[in-house]
Amino acid sequence: MAAEVLTRNTNGKYIRETFPVLEMTCAACAVSVESMLKATAGVKDAAVNFANQTATVEYDAKLATVNDLQNSVRSIGYDLVVNVEDPQAVQEEAQRKHYEAVKNRTIWSSVLALPVVIIGMFLMDMPYGTYISMALTAPVVFYFGRNFFVNAWKQAKHLKANMDTLVALSTGIAFVFSVFNTFFPEFWHARGLHAHVYYEAAAVVIAFISLGKLLEEKAKSNTSLAIKKLMGLQPKTVRAIIDGVEQEIPIASVKVGHKILVRPGEKIPVDGVVISGSSYVDESMISGEPVPVEKSAGEKVFAGTVNQKGSFYFEAQKVGGDTVLAHIIKMVQQAQGSKAPVQKLVDKIAGIFVPIVIGIAILTFITWMVLGGDNAFTHALLTSVTVLVIACPCALGLATPTAIMVGVGKGAENNILIKDAESLELAHKVNAVILDKTGTITEGKPVVTDLVWKTAGISSELKDILYTLEAQSEHPLAEAVAGKLKNDGAKSLSLEKFESLTARGVKGSYNGTPYFVGNRKLVAENKINVSESISATADRLQSEAKTVVYFTNGESVLAVIAIADKIKATSRAAIESLQKKGIDVYMLTGDNAQTAKAVAGQVGLKHFKAEVLPSDKADFVKKLQSEGKVVAMVGDGINDSHALAQADVSIAMGKGSDIAMDVAKMTLITSDLQSIPKALNLSTKTVRGIRQNLFWAFIYNVIGIPVAAGVLYPLNGFLLDPMIAGAAMALSSVSVVGNSLRLRSAKI
Numbered sequence: 001m002a003a004e005v006l007t008r009n010t011n012g013k014y015i016r017e018t019f020p021v022l023e024m025t026c027a028a029c030a031v032s033v034e035s036m037l038k039a040t041a042g043v044k045d046a047a048v049n050f051a052n053q054t055a056t057v058e059y060d061a062k063l064a065t066v067n068d069l070q071n072s073v074r075s076i077g078y079d080l081v082v083n084v085e086d087p088q089a090v091q092e093e094a095q096r097k098h099y100e101a102v103k104n105r106t107i108w109s110s111v112l113a114l115p116v117v118i119i120g121m122f123l124m125d126m127p128y129g130t131y132i133s134m135a136l137t138a139p140v141v142f143y144f145g146r147n148f149f150v151n152a153w154k155q156a157k158h159l160k161a162n163m164d165t166l167v168a169l170s171t172g173i174a175f176v177f178s179v180f181n182t183f184f185p186e187f188w189h190a191r192g193l194h195a196h197v198y199y200e201a202a203a204v205v206i207a208f209i210s211l212g213k214l215l216e217e218k219a220k221s222n223t224s225l226a227i228k229k230l231m232g233l234q235p236k237t238v239r240a241i242i243d244g245v246e247q248e249i250p251i252a253s254v255k256v257g258h259k260i261l262v263r264p265g266e267k268i269p270v271d272g273v274v275i276s277g278s279s280y281v282d283e284s285m286i287s288g289e290p291v292p293v294e295k296s297a298g299e300k301v302f303a304g305t306v307n308q309k310g311s312f313y314f315e316a317q318k319v320g321g322d323t324v325l326a327h328i329i330k331m332v333q334q335a336q337g338s339k340a341p342v343q344k345l346v347d348k349i350a351g352i353f354v355p356i357v358i359g360i361a362i363l364t365f366i367t368w369m370v371l372g373g374d375n376a377f378t379h380a381l382l383t384s385v386t387v388l389v390i391a392c393p394c395a396l397g398l399a400t401p402t403a404i405m406v407g408v409g410k411g412a413e414n415n416i417l418i419k420d421a422e423s424l425e426l427a428h429k430v431n432a433v434i435l436d437k438t439g440t441i442t443e444g445k446p447v448v449t450d451l452v453w454k455t456a457g458i459s460s461e462l463k464d465i466l467y468t469l470e471a472q473s474e475h476p477l478a479e480a481v482a483g484k485l486k487n488d489g490a491k492s493l494s495l496e497k498f499e500s501l502t503a504r505g506v507k508g509s510y511n512g513t514p515y516f517v518g519n520r521k522l523v524a525e526n527k528i529n530v531s532e533s534i535s536a537t538a539d540r541l542q543s544e545a546k547t548v549v550y551f552t553n554g555e556s557v558l559a560v561i562a563i564a565d566k567i568k569a570t571s572r573a574a575i576e577s578l579q580k581k582g583i584d585v586y587m588l589t590g591d592n593a594q595t596a597k598a599v600a601g602q603v604g605l606k607h608f609k610a611e612v613l614p615s616d617k618a619d620f621v622k623k624l625q626s627e628g629k630v631v632a633m634v635g636d637g638i639n640d641s642h643a644l645a646q647a648d649v650s651i652a653m654g655k656g657s658d659i660a661m662d663v664a665k666m667t668l669i670t671s672d673l674q675s676i677p678k679a680l681n682l683s684t685k686t687v688r689g690i691r692q693n694l695f696w697a698f699i700y701n702v703i704g705i706p707v708a709a710g711v712l713y714p715l716n717g718f719l720l721d722p723m724i725a726g727a728a729m730a731l732s733s734v735s736v737v738g739n740s741l742r743l744r745s746a747k748i
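Written out as structure tokens, the structure reads:
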């Protein structure tokens, strides 16, 4: 049952569990599920997150079971995933099937709507044209568009209305009215009126709104990838010493106190302490720092980190949900889940707009029945249907997605990948940007920045000796030195002796002369002379937050090599650009204070924090948010994932970890920080386009609905024909799409 839920915590007599929820299609669905769970006996509290399709429930296990919770939710047409081995897999499969169903509905409704539009617009007088249109429109409205009617009914049961309500009403009434006119045209002919049909309006609305739903489902389909990849950092099996015998056991069977073997290149399965052997371990997923850390007896190791070339035994101390990796997973889940689902602007407007339109249509019908005279019923029916047709939500439904689609495309042209609309809508409000150091401001990999020889004109043989020693060394920094020398033309020699000196460096002999490459400790232990000029150079390089390596023979230091994580060429300009916009820029790093201060000085940063843990980064985001700031977090590592999930706008560097890119809502393909100001500018222009689109979507309704209701009839006898109303609705859609396309040529 351990896999029954995403998270499970106990708090006194109450149990808190998180379950996947199925069948939710809008924020109102989440509200309905949440209210039903809260009303269930034994439930203390419940919170449903529409964004990641989960429900977190705190309940008394003595008064309520998971089956009670499930039955409560099922009673209103939704479902909880409980009592299964892998609930996430069940949820993912359900989401996949739902996406495929929406995709099929969109394709087929579009295929069937096209000939209806052609007949309605260009072949109105063709024989049996109305019957053909009716036959093609019926499956679009009542089969491929059935979900709009089902969801509208669910909303109505809770006395609510949304876009689905207006789609169902307008298309349903337009279709029924058209069917009546198809079979009984003489009803209107007898009154001197033409029997218009509006099949194309009903079919096109379903097709367009289905396309919008498809785009929304596609954006939501990858919500669980980050968690899955984090979980994938742990190996499935481990080599443990049990009763003196090495055995391969599942990771779930590892217990505290087990002695575990880690070989070169393997991932560390659980948290523990090294008891024998030594190696270097890549801990960048925890600290974000690129240089692997040396591990020997007594040193701590963490689940998900990667062993390098050596091997060692360690004792398991924290397993399962207690490991650092498990806590990172839990923190990402909680940060994602704690965000209230953003009620999209269009849904907010529709929540007010839909009841008003329905009310106006009903009021119009009643008014004409009372005051309409001889043609009261005719005018009442025509005007009320015209109100619903002209208020069709096609333009309203297109207002946001068309601007977002163009904005996302514009971002891609400028190396900015945008995962969802929410971040693009919110980014223009950002007034605080947090930057990770390694891989974000800097390149993210150690390189040789300085190679200073004791004397000029040294022989190529010394370069070859240094290259050979570093090429054979297992130390991570040795790769940077060897790579630099190889590019400079150094060649490998045959050493007479080679020895790795733990925590110091390496030693080798060539033509009977000993040579050393290592740290200051190695130099001091072998009483090697360091000239004043070399010593001064080393001190200067260290003050610049660079790692200094010494190359010596048995008597004196021949050269010093400085290794550092280089700052990207565009970082300073990008930071200055953000600061000119009045945005506060902060740097958070797991590196030491000296390095952090040096980097901050070089890029012109006033605010920075060093030796920061992953949870500290997220806490800092929360702190800024509590001060009323809209925070953008920019990072590239697994260690940034919690803070990225917590931030209002999350931006990943394209060359960073897959986890960071999955959690983040935006990804910069080039890893160029100058793309950040561009992303914020793109958000400003996109949001402006959305607001303009909504204006155009509504201006037709503001003007058209009163005219459709017949306010001009007492003045000049004018009644708006439903066909003209349909044309006005189409024109509003053209205006919206045209305005969105203007963003393509905008400069960001």
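According to UniProt numbering, the sequence shown is numbered sequentially starting from 1. Glycine included, C-beta positions come from ideal geometry on N, C-alpha and C. All values derive from a computational prediction rather than experimental measurement.
The bridge partners DSSP lists for L22 are D79. According to DSSP, residue pairing for H607 in a beta bridge involves Y586. If you draw a straight line from the Cα of I418 to the Cα of M653, it comes to about 12 Å. In the three-state reduction of the DSSP assignment, Y99 falls in the helix class, which pools H, G and I. Beyond the five residues adjoining it in sequence on each side, K568 comes within less than 8 Å, by CB distance, of I441, T442, E443, S671, D672, L673 in the same chain, given in chain order. In this structure, the straight-line span from the alpha carbon of G411 to that of T378 is close to 52 Å. Residue burial is scored here from C-beta neighbours: K581 has fewer than 16 other C-beta atoms within 10 angstroms and is therefore classed as exposed. Per DSSP, the continuous alpha helix (DSSP H) segment holding G689 begins and ends at 675 to 709. Excluding five sequence positions before and after S210, the CB atoms of its chain that fall closer than 6 Å to its own CB belong to R105, T106, S109, given in chain order. Taking a C-beta distance under 9 Å as the contact criterion, E294 and T502 qualify as a contact pair. Apart from sequence neighbours up to five positions away, the residues of its chain that approach N526 with a beta-carbon distance below 7 Å are F516, ordered along the chain. The alpha helix (DSSP H) runs of length 4 or more contained entirely in the segment 414 to 475 are, from start to end of the chain, 421 to 426, 460 to 472. When rounded, the separation of the alpha-carbon atoms in D619 and Q625 is 10 Å.
Going by beta carbons, L261 and F312 fall inside the 9 Å limit.
With fewer than three CB-CB distances shorter than 8 Å, the segment 606 to 622 does not count as touching the segment 457 to 474.
Residue burial is scored here from C-beta neighbours: G717 has fewer than 16 other C-beta atoms within 10 angstroms and is therefore classed as exposed.
In the three-state DSSP reduction, G42 falls in the coil class, being neither helix nor strand. The C-alpha of V447 is placed about 21 Å away from the C-alpha of A536. Taking C-beta atoms under 8 Å as the contact rule, L388 and S745 fail to qualify, at a distance of about 37 Å. Between the segment 185 to 200 and the segment 130 to 147 there are three or more inter-stretch CB-CB distances shorter than 8 Å, so the stretches are counted as touching. Looking at the DSSP output, K300 bridges to V273. Comparing alpha carbon positions, the residue from T18, A679, A574 closest to E413 is A679.
In the three-state DSSP reduction, I528 falls in the coil class, being neither helix nor strand. Restricted to the segment 114 to 145, the alpha helix (DSSP H) segments that are unbroken, complete and at least 4 residues in length are 129 to 139, listed in chain order. The DSSP-derived three-state label of Q53 is coil. Per DSSP, reduced to three states, the secondary structure at R239 is strand. Around E23, the same chain offers G77, Y78, D79 as residues with beta carbons nearer than 7 Å, after the five sequence neighbours per side are excluded.
A residue is called buried when at least 16 other Cβ atoms come within 10 angstroms of its Cβ; Y510 meets this threshold and is buried. One thing to note: T438 has its Cβ within 9 Å of the Cβ of D565. A straight-line Cα-Cα distance of about 35 Å links I119 and I352.
Excluding five sequence positions before and after A203, the CB atoms of its chain that fall closer than 6 Å to its own CB belong to A113, V116, T137, V140, given in chain order. In terms of Cβ geometry, V281 and E315 do not form a close pair [threshold 9 Å].
Note that the segment 699 to 708 does not touch the segment 590 to 604; fewer than 3 beta-carbon pairs, one per stretch, sit closer than 8 Å. For F551, the pairing in a beta bridge is given by DSSP as V517, A559. Using a 10 angstroms sphere on the CB of K507, the tally of other CB atoms reaches 16 or more, which defines it as buried.
Contact between the segment 176 to 190 and the segment 142 to 155 is not established, with fewer than three Cβ pairs separated by less than 8 Å.
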